[in-house]
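Working notes, structure below.
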Amino acid sequence: MAEWSQLLGELLYNIAKKLNSDIDVLRMRSVCSSWRSSVSYPLFYCFPNCIPIHPKVTGTSMSNLGLFYLSRRLILRLGPPESQQTGTSWLIKLEQDGPDMPHLLNPLTGNLVHPSYPTSPKIIDSINFQIFELAQEFVLRFTDNPPYTNPSAYTGDLYMEKVVFSSNPPWSVGTDYAIMTIHVSGKLAVFRSIDNLWAIIDEFISLFDDVICYKGGFYAVDSRGRAVVVNPSLTISEIANPIYGGDLKCLVESDGELLMVDRYLSTGLDEEPGNDHNDDPLVALSDLCITESTVCFKVYKLNQDLQTWVELKSLDDRVLFLGDNCSFSASAHDFSGCKGSCIYYTDKFARSSNEEDGTFATDIGLFNLESGNIGPLVSNSGCSQLFWPPPAWVSNLTI
């Protein structure tokens, strides 16, 4: 019998194709160098790469606008090795669209965790620690440089800050799939592989704030808090009445329940970055810009039988993470120093002068649903270590 490290590459490849879990593929590649070279990491990243751009002008040829490919990122919780009695978990986003080394990203802001940072892990061998998948994030990207001079003229036509994807798992080439996002008009846009076309759903007048794939279906919430489900026929069914009050609605799944997080914003004037008016008591209005900051959140749980949102005053052990492209939840028990009933979110705060890596440049805030306390994450040192710097056991590892 051959040594496990000497197994034929074709056999290893066929075994890997039977694995439905991304984490299992990661672990398989970590066994040894021969297994790593036989099982390519993008094996389970074979997502659609010929998605047409929705035409901005009627009659515009699709071939002249370029194509999208679907990029998937994994939100992971890395735990210390089982042999290690104590240690803090680390929250990270993993991205790899090609054969190069995967990128580590801040799970909320998407900022790159650059390998040159002193505390950055150089290689993360997933067989040496515990790894848990918390969520998946999907982003549409151009397959190549757009074949026109002004790409923003077309990328703006399809609002792509949040993309949700659905297929019949496990994923395989040729399986029908669907993608939903929010069009620049605020309406829902759906792409179905069977049609190879984008469809704008004009059924509702209201503008939508967020979309989510929940229990295999496409759900959306509009700016008034009305929740809908999109049917395969591209019709919309209302499943919850509006909730008025907040400024921005977000959908997130938590422990099998569908939650809506209602964000309340405050607007004000702030000085444009780079302007120095230390000696000028009066700042010219032309140098000021309108800024928005988060002041509080309210959280609601969907009661689909009664078609209503039920307000929650506590999340108990659950913690919500509201990212730019993906929102997800976790148990506070899994993170040392983390408290339940908290919401981590992206916002604009004053930058710290001693940040070694800029990871919090677009900053992260922390809100406690029970107490109502809110503020920048950097002022909560125990909680900020969820993101940066990585625990010592991670820094000593060499994906």
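Using the UniProt record's numbering, read the sequence shown as starting at 1 and increasing by one per residue. The beta carbon of each residue, even a glycine, is placed where N, CA and C say it ideally should be.
Whether residue i touches residue j by CB criterion (9 Å)
i	j	result
residue 248	residue 223	yes
residue 70	residue 138	yes
residue 366	residue 342	yes
residue 201	residue 211	no
residue 167	residue 178	yes
residue 374	residue 261	no
residue 328	residue 321	yes
residue 307	residue 239	yes
residue 136	residue 75	yes
Contact set for residue i: own chain, Cβ-Cβ below 7 Å, skip 5 residues either direction
i	result
residue 338	319, 332, 383 and 386
residue 16	25, 28, 39 and 43
residue 141	68, 69 and 71
residue 340	315, 316, 317, 318, 319 and 332
residue 13	38 and 39
residue 372	296
residue 231	237
Residues near residue i by beta carbon distance below 8 Å, same chain, minus five either side
i	result
residue 6	34
residue 346	108, 109, 322, 323, 324, 362, 363, 364 and 365
residue 158	Because residue 158 sits at a pLDDT of 49, beneath the cut-off of 50, its placement in the model cannot be relied upon, and the following sentence gives the value as read from the coordinates. Correct list, in chain order: 53, 54, 140, 181, 183, 184, 189 and 198.
residue 299	259, 260, 261, 262, 311, 312, 315, 320, 343 and 369
Buried versus exposed, by CB contacts within 10 Å (16 or more), residue i
i	result
residue 380	buried
residue 164	buried
residue 215	exposed
residue 388	buried
residue 81	exposed
residue 132	exposed
residue 162	buried
residue 243	buried
residue 390	buried
residue 106	buried
residue 213	buried
residue 4	exposed
Nearest-angstrom Cβ-Cβ length linking residue i and residue j, presumed shorter than 8 Å
i	j	result
residue 264	residue 218	Wrong, their Cβ atoms sit about 27 Å apart, outside the cutoff.
residue 89	residue 104	Going by Cβ atoms, the distance from residue 89 to residue 104 rounds to 15 Å, so no, they are not a contact pair.
residue 94	residue 73	6 Å
residue 221	residue 208	7 Å
residue 377	residue 344	7 Å
residue 206	residue 226	7 Å
Nonlocal neighbours in the same chain, by C-beta distance under 6 Å from residue i, ignoring five residues either side
i	result
residue 301	257, 259, 310 and 312
residue 330	134 and 319
residue 323	108
residue 153	Confidence in residue 153 is poor, its pLDDT being 42 and thus under 50, which makes the residue's placement unreliable; the coordinate value appears in the next sentence. Excluding sequence neighbours, residue 153 sits near nothing in its chain.
residue 430	No answer is possible for residue 430: the residues shown for the chain start at 1 and end at 399.
residue 250	210, 261, 322 and 327
residue 149	Confidence is the limiting factor: at residue 149 the pLDDT is only 39, short of 50, which leaves the residue's position unreliable and the question unanswerable from this model.
is_contact[residue i, chain C] using C-beta, thresh 9 Å
i	result
residue 373	Given the protein chain composition of this structure (a single chain), no chain C is represented.
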